[in-house]
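Student: One structure, pasted below without further comment.
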Amino acid sequence: MRFNLICDESGTNERYLVVGGLTLPRTNHEGLAAELVELKRSKGFRAEGEFKWGKVSKTFLPHYQTLLEWFFRHLKSNHLRFRAHVVDTSAYVYRQFGDGDKERAFYKVFYHLLFQSVRQLVLEEEGSNVLILLDDKTNRYPFRLSDLKQTLNAGLKRELKLVNLVVSVEPRQSSGPNAEPLIQIVDVLIGAIGYVRNGYLNRPEASPAKVEMVRFLERQAGTGFAFDTAARAPFNLWTFDVAAAMARKPK
């Protein structure tokens, strides 16, 4: 089966970085994206406009809850799944992880999220391949995405003895006329996870709307965002162990 994996990141300047993605059959992608755009319009959002964690407010809270209820209905119907990794970027070992290069460390974290996601799909669905769509961002090194594809395919071949499982790694915009609307769902989910993991939820100055949104999402997901979930949970949340990843590095 062919799958799409749609990813974003949150907290690049925080202690805890969160990277996450939606996985869905490629045949579902167009229909789900169109459904989400129509739902956005019905709630007064422009089709090309962006809803995101940073814009959660008292005024828009009911609309955000409706949009995320839509996501969880499809999650519970097995039309898609969600996975997020959380990493402590303050640890010394994280700086070692990227050989002192912050951008390189960031993409190595993404590599592990993507590797585990693709690996699980291939083990569950023989003959699978995956198109990876990342939120568009400016990189200092211009070949990050092509290198990421090459490194993923090499790692997957080494472990699974299968070739070309990742067909492409491509950038997608989160707003504008050519936006990928499902990235906006990822943004809200990982933003909420980061809000919890970085300690904002319990601060006196915490946004009441964001606190309420976090609690709403936790009820929908069936888990508190301070905790990791079981490995195969459809809403999968995992604290990434950088030291363990470095210890597994191929010789």
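With this note's numbering applied, the sequence shown covers 219 to 469. All residues carry an ideal CB built from backbone N, CA and C; glycine is no exception. Treat the numbers as computed from the prediction; the structure is a model and nothing was measured.
Among residues of its own chain, excluding the 5 on either side of residue 464, which ones have a beta-carbon nearer than 8 Å to its beta-carbon?
Tutor: Counting from one through the sequence shown, the residue named residue 464 turns up at place 246. Correct list, in chain order: 311, 314, 315.
Student: Whose C-alpha, out of 237, 386, 247, is nearest the C-alpha of residue 366?
Tutor: Position 148 of the sequence shown, counted from the first residue, corresponds to residue 366. Taking only the C-alpha atoms, the option nearest residue 366 is 386.
Student: Indicate the three-state DSSP secondary structure (helix, strand or coil) for residue 387 in the structure shown.
Tutor: Within the sequence shown, the letter at position 169 stands for residue 387. Here residue 387 sits in strand by DSSP.
Student: With a threshold of 16 other CB atoms inside 10 Å of the CB of residue 258, please say whether the residue is buried or exposed.
Tutor: Reading the sequence shown from its first residue, position 40 is the one you call residue 258. It counts as buried.
Student: Would the region 361-376 count as touching the region 408-416 if we require 3 or more Cβ pairs under 8 Å?
Tutor: Touching, no, given that fewer than three Cβ pairs across the two stretches are closer than 8 Å.
Student: Looking only at its chain, what residues have a beta carbon closer than 6 Å to the beta carbon of residue 441, apart from the 5 residues adjacent to it on each side?
Tutor: For the purposes of this step, residue 441 is taken as residue 223 along the sequence shown, with counting starting at 1. Closer than 6 Å at Cβ, skipping near neighbours: 447.
Student: For residue 469, count the other beta carbons within 10 Å of its own beta carbon; 16 or more makes it buried, fewer makes it exposed. Which is it?
Tutor: Here residue 469 refers to the residue found at position 251 of the sequence shown. Bear in mind that a pLDDT of 44 at residue 469, under 50, signals an unreliable position, so the model cannot answer this.
Student: I need the DSSP call for residue 264, collapsed to helix, strand or coil.
Tutor: Here the question's residue 264 lines up with position 46 in the sequence shown. Correct three-state label for residue 264: coil.
Student: Could you pull out every residue in the same chain whose Cβ sits closer than 8 Å to the Cβ of residue 251, ignoring the five residues on either side in sequence?
Tutor: If you number the sequence shown from 1, residue 251 lands on position 33. Same-chain partners within the cutoff: 398, 399, 400.
Student: Can you give me the C-alpha to C-alpha distance between residue 392 and residue 380, rounded to a whole angstrom?
Tutor: Residue 392 sits at position 174 when you count from the first residue of the sequence shown. Residue 380 sits at position 162 when you count from the first residue of the sequence shown. Those two C-alpha atoms are separated by around 32 Å.
Student: Curious, which full-length beta strand (DSSP E) runs of at least 3 residues does the region 380-434 contain?
Tutor: Listed in chain order, they are 384-390.
Student: Residue 238 by DSSP, collapsed to three states: which one?
Tutor: Within the sequence shown, the letter at position 20 stands for residue 238. Strand, per DSSP.
Student: Please confirm if residue 418 has its CB atom under 8 Å from at least one CB of chain D.
Tutor: Of the protein chains in the structure, only one exists, and it is not chain D.
Student: Going along the chain, which residues of its own chain have a beta-carbon closer than 6 Å to the beta-carbon of residue 298, five neighbours each way excluded?
Tutor: The count along the sequence shown starts at 1 and reaches residue 298 at position 80. 240, 242, 292.
Student: Any idea if residue 222 is buried or exposed, counting beta-carbon neighbours within 10 angstroms, 16 or more meaning buried?
Tutor: As a working mapping, residue 222 is identified with position 4 in the sequence shown. Burial call: buried.
Student: If you drop the 5 nearest sequence neighbours on each side, which residues of the same chain put their C-beta closer than 7 Å to that of residue 229?
Tutor: Translated into positions along the sequence shown, residue 229 becomes position 11. 235, 236, 412, 416, listed in sequence order.
Student: Please go through the same chain and pick out, in chain order, the residues whose beta-carbon is closer than 7 Å to the beta-carbon of residue 419, but skip the five residues on each side of it.
Tutor: Taking the first residue of the sequence shown as 1, we reach residue 419 at position 201. Hits under 7 Å: 413, 429, 432.
Student: Considering only the alpha carbon of each residue, which of 424, 349, 318, 270 lies closest to residue 219?
Tutor: One-based indexing of the sequence shown puts residue 219 at position 1. Measuring from the Cα of residue 219, the nearest candidate turns out to be 349.
Student: Taking residue 266 as the reference, which of 449, 457, 395, 425 has the closest Cα?
Tutor: Here residue 266 is taken as the residue at index 48 of the sequence shown, counted from 1. When each option's Cα is compared against that of residue 266, the closest is 395.
Student: Which one of 270, 273, 303, 224 has the shortest CA to CA distance from residue 460?
Tutor: Numbered from its first residue, the sequence shown carries residue 460 at position 242. Ranking 270, 273, 303, 224 by Cα distance to residue 460 puts 303 first.
Student: Identify every residue that forms a DSSP beta bridge with residue 227.
Tutor: Mapped onto the sequence shown, residue 227 falls at position 9. DSSP lists 237 as partners of residue 227.
Student: Near residue 434, which residues of its chain fall below 8 Å by C-beta distance, leaving aside the five closest residues on each side in sequence?
Tutor: Taking the sequence shown and counting its residues from 1, the one referred to as residue 434 is at position 216. Excluding sequence neighbours, residue 434 sits near 283, 286.
Student: Assign residue 227 to one of two classes, buried (16 or more other C-beta atoms within 10 Å of its C-beta) or exposed (fewer than that).
Tutor: Translated into positions along the sequence shown, residue 227 becomes position 9. With 16 or more Cβ atoms within 10 Å of its Cβ, residue 227 is classed as buried.
Student: Tell me the DSSP bridge mates of residue 281?
Tutor: The residue given as residue 281 occupies position 63 in the sequence shown. Answer by DSSP bridge pairing: none, since residue 281 is not bridged.
Student: Along the chain, where does the alpha helix (DSSP H) containing residue 353 start, and where does it finish?
Tutor: For this step, residue 353 is matched to residue 135 along the sequence shown. That residue, residue 353, is in no alpha helix (DSSP H); its beta strand (DSSP E) goes 347-353.
Student: Quick check: the Cα distance between residue 256 and residue 289, rounded to an integer number of angstroms?
Tutor: Here the question's residue 256 lines up with position 38 in the sequence shown. Here the question's residue 289 lines up with position 71 in the sequence shown. Taking the straight line from one Cα to the other gives about 13 Å.
Student: According to DSSP, is residue 192 helix, strand or coil?
Tutor: Residue 192 lies beyond the stretch modelled for the chain, which goes from 219 to 469, so this question has no answer here.
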